[in-house]
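Numbering-wise, the working numbering comes out as the position in the sequence shown, counting from 1, plus 33. Idealized CB from N, CA, C, for every residue including glycine. Structure first, then comments.
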Amino acid sequence: MRPWSASQVFAVRAGLPERYQAVTDVGAGCGLRQGEIFGLSVDSIGDLGWLYVRQ
34 MRPWSASQVF AVRAGLPERY QAVTDVGAGC GLRQGEIFGL SVDSIGDLGW LYVRQ
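Structure, rendered in structure tokens:
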């Protein structure tokens, strides 16, 4: 498995509606899977900016 290049990630992000563009940021930047991304809530972000995957 090879991760997407930055240009691929940005191309996919640009092709998504604005409300879904953060999905690529969390997927590529934090390595989350689809189910983890869609299960995120505001409570998942800690005081220091840490992302906690609890689902």
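Can the beta-carbon of V42 be found less than 8 Å from the beta-carbon of A55? no
Where DSSP assigns a beta bridge to L84, which residues make up the other side? I78
Do you know offhand how far A44's Cα is from Y53's? 13 Å
Can you tell me the Cα-Cα spacing of D80 and R35, whole angstroms? Their Cα atoms are separated by approximately 33 Å.
Supposed close pair V59, L73 - CB separation, criterion 8 Å: 7 Å
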